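Asks: My structure is below; once you've seen it, I'll send some questions.
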Ligand code: ASP
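Numbering (the working numbering), first residue to last: 39 to 382.
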C-alpha cells in the first residue's frame, strides 16, 4: 500500500523564504512545499499538507496549539501512516513533550522537526530535516511503524520528544537528549535504536487525546542568594497548583530554615512540588545529600532525570486529570511516556 504522510505546519524558521522583491524573510506558501523541496516527490508517497490557521514564531506558543495539533492528528489518524510537524525550534521540546502526554494509545509516528536556517536559504538545514522526518514517519515493517511515538528529528539524530532540550541557538545540532539515547541516527542509512523505542500500544482501543491541561503551574529556579521572599511570591500566585523546583545537582537545595519553611507552607497549602535538576544530564536523587533530605521529608516529589520541559507539561496533564493529591504524586512518580528512568 502506498505510504501517506501528513505534514502539519505551525510556523518557525523552517517556513521562511526570501521575498524575491524585498529580500525580506517571510513565511512561505506552505501549499507549495513540494516546489520548495522537490526531493520529497522522489519518495513516491502521498504527502499532504495542513497549515494551522495561525502560523507562529514558536515563542508565541500556547497550549491551544497543542490541542489543535492533537485534533488534526486524531482527525486524520486513519488516513496517514505518520505525521510530520514543522515547528519553531525555540519551544519544540515543550510541544513534543506536551503531545507525548496528551496523546493516548499513539500507535503511529509523530515527528517534530524545524530548522536553524530558513528553508529558502541556500545552506538551509530545513530540507534535510524535513526529508529525514518524512522518511522516519513512513518507516514501517509490515504493518508496524518503527517509531510509534512523539519524536524530534534534528540534524543527524532522532530523539524521544519528551527527553529533548534545545541546547544551541545556532548549531545545526540544536537539540540534545542527555539522559536517553537517540531513537535513531541518520547517516547514509537511518539506524534505528530499536531497544530504545517505545512499543506500539497493546490496547485495541483507538487513540485519544487528553486536552484538559491545567496551566496553574510555575517553575522556580533556585540560585545562591535567593531570598525566601522569592519563594513566598511564587507560592502565593493565586490558584497555583503545581511548581517545578529547579534544584542544584542531584536535587539539592538550601537547608536554610526560611527557605524550607516556605516549601513546607506551599506543600501544606496543597501545592505539588516536583524536584528537577538544573543540570542538563543526570538525575535527582533525593536523600543522597543532607541538602535534599529535607525536601524529601517535606513531601517534594522527585523528578528523577526528567527535563524541565517534560516536567512542566507532565504536571499540566496530571493536574488537569486528577484532584486527589496521592494520585497526583503517584502519576508524577510514574514513568508515563518514557520521560523518566525509574532505575535511577
Ligand atoms: N524563533 C523561531 C521559533 O522558534 C526559531 C526557530 O524556528 O528556529 O519559531
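Cβ coordinates follow ideal geometry from the N, Cα and C atoms, glycine included.
Note that the structure is a prediction, hence the values are computed from the model and not measured.
Do residue 123 and residue 141 have their C-beta atoms within less than 8 Å of each other?
Replies: Contact flag unset, no.
Asks: Among 259, 242, 233, 218, which residue has its Cα nearest to the Cα of residue 320?
Replies: Comparing Cα-Cα distances from residue 320 to each of 259, 242, 233, 218, the minimum goes to 218.
Asks: Quick one: any contact between the stretch 144-153 and the stretch 125-133, if contact means 3 or more CB pairs under 8 Å?
Replies: Yes, since at least three Cβ pairs between the stretch 144-153 and the stretch 125-133 fall closer than 8 Å, the two stretches touch.
Asks: Run through DSSP, which three-state label would residue 101 get?
Replies: Residue 101 falls in the helix class under three-state DSSP.
Asks: Can you pull the DSSP bridge partners for residue 183?
Replies: The partner list for residue 183 (beta bridge, DSSP) reads 178.
Asks: Tell whether a beta-carbon distance below 8 Å holds between residue 137 and residue 185.
Replies: Contact: no.
Asks: Under 8 Å: do the stretch 277-293 and the stretch 311-319 share three or more Cβ pairs, one atom per stretch?
Replies: Output reads yes: the stretch 311-319 touches the stretch 277-293.
Asks: Please classify residue 39: does DSSP put it in a helix, a strand, or coil?
Replies: Residue 39 falls in the coil class under three-state DSSP.
Asks: Got a sec? Which residues, its chain only, sit under 6 Å from residue 193 by beta carbon, not counting five neighbours each side?
Replies: 210, 211, listed in sequence order.
Asks: Where does residue 343 land, buried or exposed, given buried means 16+ other C-beta within 10 angstroms?
Replies: Buried, by the Cβ-count rule.
Asks: Using a threshold of 8 Å, state whether the C-beta atoms of residue 174 and residue 228 are closer than that.
Replies: For residue 174 and residue 228, yes; Cβs fall inside 8 Å.
Asks: If you count every other CB in all the chains shown that lies within 10 Å of the CB of residue 261, and 16 or more means buried, which is it?
Replies: It counts as exposed.
Asks: Can you tell me the Cα-Cα spacing of residue 306 and residue 340, whole angstroms?
Replies: Looking at the two C-alpha atoms, the distance is approximately 18 Å.
Asks: Please give the ranges of any alpha helix (DSSP H) in the stretch 302-348, keeping only runs that are unbroken, at least 4 residues long and fully inside the region.
Replies: Whole alpha helix (DSSP H) segments, 4+ residues: 328-336.
Asks: Does the Cβ of residue 240 have 16 or more other Cβ atoms within 10 Å, making it buried, or fewer, making it exposed?
Replies: When all chains shown are included, residue 240 counts as exposed.
Asks: Looking at the C-beta of residue 239, does it have a partner C-beta in chain B at a distance below 8 Å?
Replies: Of the protein chains in the structure, only one exists, and it is not chain B.
Asks: Quick check on the DSSP output: the alpha helix (DSSP H) that includes residue 391 runs from which residue to which?
Replies: Any question about residue 391 goes unanswered here, given that the chain covers just 39 to 382.
Asks: When you compare only the Cα positions, how much space is there between residue 117 and residue 327?
Replies: Rounded to whole angstroms, residue 117 to residue 327 spans 53 Å at the Cα level.
Asks: Output needed for residue 119: all residues of its chain with C-beta closer than 6 Å, excluding positions within five of it in sequence on either side, in chain order.
Replies: So the list reads 41, 42, 176, once near-sequence residues are dropped.
Asks: Please report how far the alpha carbon of residue 259 lies from the alpha carbon of residue 102, in whole angstroms.
Replies: Taking the straight line from one Cα to the other gives about 26 Å.
Asks: Is there contact here, the stretch 196-204 with the stretch 243-253, by at least three beta-carbon pairs under 8 Å?
Replies: Judged by Cβ distances under 8 Å, the stretch 196-204 makes no contact with the stretch 243-253, as fewer than three pairs qualify.
Asks: Alpha carbon to alpha carbon, how far is residue 181 from residue 278? Give it in angstroms, no decimals.
Replies: Whole-angstrom Cα-Cα distance: 45 Å.
Asks: Tell whether a beta-carbon distance below 8 Å holds between residue 156 and residue 46.
Replies: No, the Cβ-Cβ distance between residue 156 and residue 46 is not below 8 Å.
Asks: Are at least three pairs of beta-carbons, each pair with one atom in the stretch 157-167 and one in the stretch 371-378, less than 8 Å apart?
Replies: No, because fewer than three Cβ pairs between the stretch 157-167 and the stretch 371-378 fall closer than 8 Å, the two stretches do not touch.
Asks: Should the stretch 356-371 be called in touch with the stretch 264-271, which here means at least 3 C-beta pairs below 8 Å?
Replies: No: fewer than three Cβ pairs fall under 8 Å.
Asks: Leaving out five residues on either side along the sequence, give the residues of the same chain with a beta carbon under 8 Å from the beta carbon of residue 63.
Replies: Cβ neighbours of residue 63 beyond the five flanking positions: 54, 55, 56, 57, 156, 158.
Asks: So, at 8 Å on beta carbons, what are the nonlocal neighbours of residue 322 in its own chain, with the 5 sequence-adjacent residues on each side left out?
Replies: Contacts found: 285, 288, 289, 313, 314, 315, 330, 340, 341, 342, 343.
Asks: How many angstroms separate the CA atom of residue 170 from the CA atom of residue 332?
Replies: Distance between the alpha carbons of residue 170 and residue 332: 47 Å.
Asks: Confirm, please, whether the CB-CB distance from residue 256 to residue 190 is below 8 Å.
Replies: Contact: no.
Asks: Can you tell me whether residue 106 sits near ligand 1, meaning its C-beta is under 7 Å from at least one heavy atom of the ligand?
Replies: Checking every heavy atom of ligand 1 against the Cβ of residue 106, none is found closer than 7 Å.
Asks: To which residues does DSSP link residue 47 through a beta bridge?
Replies: Answer by DSSP bridge pairing, in chain order: 89, 124.
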